[in-house]
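Have a look at the structure below, then the notes.
Number of protein chains: 2
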Amino acid sequence: MNGIQEIAAATGLSKSTVSRALRNLPSVAPSTIMAVRRKADELGYIPSSAASGLATGRTRAVGVVVPVIDRWFYIQVLEGVDAELRRAGYDLILFNLGGLAGDRERVFHRSILRKRVDALILLSLVFEDDERRQLETMEYPTLVIGGPAPGVRHLGIDDYAVARTATEYLLGLGHRAIAHIGGQDREGLNTAVPGERHEGFADALATHGIEPRPEWDGNGAFSFQGGHDAMARILASDSRPTAVFAASDEMAFGAIVAIREAGLRIPEDLSVVGIDGHAYGEVLGLTTFSQDPVEQGRFAARVLLAELAGQPPVPWLDPAPVRFIERTSAGPAPSA
Amino acid sequence: MNGIQEIAAATGLSKSTVSRALRNLPSVAPSTIMAVRRKADELGYIPSSAASGLATGRTRAVGVVVPVIDRWFYIQVLEGVDAELRRAGYDLILFNLGGLAGDRERVFHRSILRKRVDALILLSLVFEDDERRQLETMEYPTLVIGGPAPGVRHLGIDDYAVARTATEYLLGLGHRAIAHIGGQDREGLNTAVPGERHEGFADALATHGIEPRPEWDGNGAFSFQGGHDAMARILASDSRPTAVFAASDEMAFGAIVAIREAGLRIPEDLSVVGIDGHAYGEVLGLTTFSQDPVEQGRFAARVLLAELAGQPPVPWLDPAPVRFIERTSAGPAPSA
DNA sequence: CCGGTTGCTGCAACCGGTTGCAGTGCGTAA
DNA sequence: TTACGCACTGCAACCGGTTGCAGCAACCGG
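Line by line, the protein sequences give chains A and B.
Taken in order, the first sequence gives residues 1 to 336; the numbers are from full-length UniProt numbering.
Taken in order, the second sequence gives residues 1 to 336; the numbers are from full-length UniProt numbering.
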């Protein structure tokens, strides 16, 4: 005999009373609750999530789907989501698609989740039409963080606006020769994010009548190494920009290293700005437009938990805030 | 009516046959399997992990416990563990202690896991005696990765040996004035790791009759920022070392930045070596002793999955391999 | 003294699968 | 023709909790 039943036998109570006592339901006499608790401890009772899940239809777990794990943004979000779930006594199940090559099927084919979660948070994913439909047929509340996701409820910064603001900041410093480092992170990032940020950059230039130069548009693959290599290539070209807009902080870090390797000074010779708010920026003096993915994660978790608690769903979420952090990597354009 | 039952009714078969058909058991007629599959698709059947978990006592999930999420090492391991679990069709449940302040209780109090997992991987944790006992009473297979963990089965590199080797490498290059950057990561790391690595360092010096100098022993808190600040302090002291042994790559990166800020050259003025194999090392030219946490994660997962598949448990695991990556951050000691 | 609350507990069905055992129908060998 | 084995399917109990409803005793006001 096992579980709750065993406690029932040992205390002379019924299964139902024990069940209620363990959950502190008000309809149980305080003395009974104490007795049951004591016995449970004594017997080393371990509740079975499967059993209660089966009976209630609730798992007390939330799934988080990431394209890959090893990316700054996802990890920050994960940290935030986790913190909030922990507070609420929910578990976190991590579904990693393992890159684009990985099996998207995995999550979108409904049978995989096997009703394991009560709600789902999807990170930086854009969906095919049928995937979106799949998502809708899943009965649990869902939320997407990061990157525009047409047709599904979504939380994140306004990538276009941030990029545009960042570029305008450089323009405001007098820069006219501005390079862009962006590019697709094939397996990791929302495929829309690089595009949005690039567009914001391009539009800012356009309003100032500046033609973007293809040799100043680097593909940094949204990584440190990529940013470094892209910057090195740009510096190797015939003409040199006076500023660089990197679509992510990690690429900006790479760019900074490449610039220093070339013997140039920041910001005297070359200004750099990024987007993200990565912790390394502090030491490296990176001027950046910081988002707070931890808070985004927390917020997403709170929204979903509220719905699970019975609150009416919020159909629309405001874009997440961006904070400008001015450090030392960007300065006035050198006077030609 | 729901689930398997519904399919049974629709096909005119019994629950049991449907159940077996869905699992492709050999005792079911191929034609029946096809029919059941078709019906299941048609009805949009979603299996319930809770129900099968309850019936079989297996959850097809493995738990991973981390002290905090946002650390390079843990994330790499997570990636490896996940890859292997995915292959095997297992889910990954992430338990974050959320720093030392966080609730260790959470995991060690048996009732929290609520039989949610079939096996448990613990990252860089040292245990109190009673926690170890708790762990033993949990019925499922368990494995610790990273940092020595007396009394429990454990996987990881030999921290002492690596640190000693790294230091001896610097000694071999003629360095005698060697600084150490280590220090406790209060909330993140196995409390034993910094100690082991420091000991390896100290012992290597000792065998060469070198007295460690306290002003050259920096606390870098196992972070980029920490490494930077520690190095800056060391450089600000009266005398300057000719080499630095950083107990982690991230601290080494910080040190490199600090050294360059001071206008010194690497490795002409100052050599740097690290431990880890962080991806940034490539660009920064860091000479390091690389471990492969992804592979450690994969390996750990494989070990546990094998046990879950019925293989006899392996009581002892060899230390994980370390690979020396010689790049450009360390060179011969400048001749005084 | 009675009818009605109030507070607590028990009964039994149910959640959705899994599994040991007992059929059933058919082919085949004796 | 009969007996037997084989391939397949069904019955019913079980996994360990949850919950609607009923039951019971003590207590209340009238």
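Every residue, glycine too, gets a C-beta built ideally from N, C-alpha and C.
Just reading off the beta strand (DSSP E) that residue i is part of, what are its end residues?
i	result
R323 (chain B)	R323 to I325
L123 (chain B)	A119 to L123
A179 (chain B)	I178 to G182
N219 (chain A)	D217 to N219
With DSSP run on the structure shown, which of helix, strand or coil describes residue i?
i	result
D91 (chain A)	strand
L25 (chain B)	coil
A246 (chain A)	strand
D276 (chain A)	strand
D238 (chain A)	coil
T142 (chain A)	strand
A258 (chain A)	helix
H154 (chain B)	strand
What first and last residue would you give for the alpha helix (DSSP H) that runs through residue i?
i	result
G172 (chain A)	D159 to G172
G200 (chain A)	A192 to T207
D130 (chain B)	D129 to T137
Going along chain A in order, which residues have a C-beta closer than 9 angstroms to the C-beta of residue i?
i	result
Q225 (chain B)	A279, Y280, E282 and V283
E215 (chain B)	By Cβ distance, chain A contributes nothing, its closest Cβ being about 22 angstroms from E215 (chain B), past 9 angstroms.
R260 (chain B)	R260
T11 (chain B)	Here the premise fails: no neighbours, minimum Cβ distance about 18 angstroms.
Using a Cβ cut-off of 8 angstroms, pull out every chain A residue sitting near residue i, in sequence order please.
i	result
I266 (chain B)	Near I266 (chain B) there are no residues of chain A at all, since even the closest Cβ is about 12 angstroms away, more than 8 angstroms.
V257 (chain B)	V283 and L284
T165 (chain B)	Within chain A, no residue comes near T165 (chain B); the closest Cβ sits about 27 angstroms away, beyond 8 angstroms.
T191 (chain B)	In chain order: nothing, as chain A lies at least about 21 angstroms away.
For residue i, which residues in chain A fall below 7 angstroms Cβ to Cβ?
i	result
G53 (chain B)	A50
V36 (chain B)	Within 7 angstroms Cβ-Cβ: nothing; V36 (chain B) doesn't reach chain A, min ~14 angstroms.
H228 (chain B)	V283
T142 (chain B)	Chain A residues near T142 (chain B): none, gap ~15 angstroms exceeds 7 angstroms.
Name, please, each residue of chain B whose Cβ falls closer than 8 angstroms to the Cβ of residue i.
i	result
E295 (chain A)	Under the 8 angstroms cutoff, chain B gives no residues; its nearest Cβ is about 14 angstroms from E295 (chain A).
I69 (chain A)	I75, L78, E79 and D82
T137 (chain A)	G44
R20 (chain A)	What R20 (chain A) touches in chain B: nothing, since even the nearest Cβ is about 17 angstroms away.
G98 (chain A)	D82, A83 and R86
T287 (chain A)	In chain order: nothing, as chain B lies at least about 16 angstroms away.
List the residues of chain B that residue i touches, going by C-beta distances under 9 angstroms, in chain order.
i	result
D269 (chain A)	The premise fails here: D269 (chain A) is roughly 16 angstroms from chain B at the closest Cβ pair, so nothing lies under 9 angstroms.
G331 (chain A)	Within chain B, no residue comes near G331 (chain A); the closest Cβ sits about 17 angstroms away, beyond 9 angstroms.
Please compile the residues from chain B whose C-beta is within a distance smaller than 7 angstroms of the C-beta of residue i.
i	result
D91 (chain A)	I93 and R116
G254 (chain A)	V283
T328 (chain A)	Per Cβ cutoff of 7 angstroms: no residues; T328 (chain A) is ~11 angstroms from chain B at best.
The ligand GDP and residue i: does any heavy atom of the ligand fall closer than 7 angstroms to the residue's C-beta?
i	result
G99 (chain A)	Among the components of this structure there are no ligands whatsoever, and the ligand GDP is therefore not found.
ask   = Are there three or more Cβ pairs, one per stretch, closer than 8 angstroms when the region 115 to 128 of chain A is compared with the region 46 to 59 of chain A?
value = yes
Cβ contact (3+ pairs, closer than 8 angstroms) linking the region 276 to 295 of chain A and the region 310 to 317 of chain A = no
ask   = Between the region 161 to 168 of chain A and the region 194 to 207 of chain A, are three or more C-beta pairs nearer than 8 angstroms?
value = yes
key: the region 8 to 22 of chain B / the region 72 to 86 of chain B touching (three or more Cβ pairs under 8 angstroms)   = no
request  = Please go through the region 9 to 77 of chain B and give each complete beta strand (DSSP E) segment of 3 or more residues, from N-terminal end onward.
outcome  = 61 to 66
request  = Please determine if the region 282 to 301 of chain B and the region 132 to 149 of chain B are in contact, where contact requires at least 3 C-beta pairs separated by less than 8 angstroms.
outcome  = yes
ask   = Going along the chain, which unbroken runs of the alpha helix (DSSP H) with 4 or more residues stay wholly within the region 282 to 310 of chain B?
value = 293 to 308
key: Three or more C-beta pairs below 8 angstroms linking the region 127 to 142 of chain A and the region 167 to 178 of chain A   = no
ask   = For the region 261 to 273 of chain A against the region 327 to 336 of chain A, are there 3 or more C-beta pairs whose distance is under 8 angstroms?
value = yes
message = With three or more beta-carbon pairs closer than 8 angstroms as the criterion, would you say the region 62 to 71 of chain B touches the region 90 to 98 of chain B?
response = yes
inquiry  = If contact is defined by three or more beta carbon pairs under 8 angstroms, each pair taking one atom from either stretch, is the region 237 to 257 of chain B in contact with the region 210 to 228 of chain B?
reply    = yes
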